[in-house]
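Just so it is clear: in the sequence shown, position 31 is 338 by the working numbering, and no numbers are missing. Presented below is the structure to which this report refers.
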Amino acid sequence: EDVRGLFSTEDLVNVFKKLTTRPEIYHLLVRYSQNQDFLSTEDLTLFLEAEQGMSKVASEKCADIIKKFEPSTEAKLLGHLG
């Protein structure tokens with residue numbers, strides 16, 4: 308379902324990749340990543356629910372997002388986005 312004002316998952320990840328150097332985006336990353344430079348599946352779940360208004364996001368969906376959009380093979384294997 309397309310809800311006006313919210314990113315699709317694919318759009319969210321693409322924007323994330325392009326904007327991570329912006330200070331306000333960096334602060335969101337730090338806020339949801341427990342002061343790491345990546346998001347775990349749990350962190351991504353919290354971000355999607357809190358910032359994107361999604362509900363009941365399954366950890367499997369977040370793992371799939373990471374596998375699909377994380378450019379680093381090592382990070383994919385670790386389940387990290389960023």
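Cβ atoms here follow ideal geometry from the backbone N, Cα and C, with glycine treated the same way. Remember, predicted model here, so these are calculated numbers, not experimental data.
Considered as a whole, the stretch 335-379 harbours 348-358, 366-376 as its complete alpha helix (DSSP H) runs of no fewer than 4 residues, in chain order.
Around the Cβ of Glu377, a 10 Å sphere holds 16 or more other Cβ atoms; the residue is buried. Under DSSP, Leu388 forms a beta bridge with Leu346. Excluding its 5 nearest sequence neighbours in each direction, Gln359 has C-beta neighbours in its own chain below 8 Å: Leu313, Phe314, Leu319, listed in chain order. Between Ala370 and the set Leu384, Ser379, Tyr339, the nearest pair of CA atoms involves Leu384.
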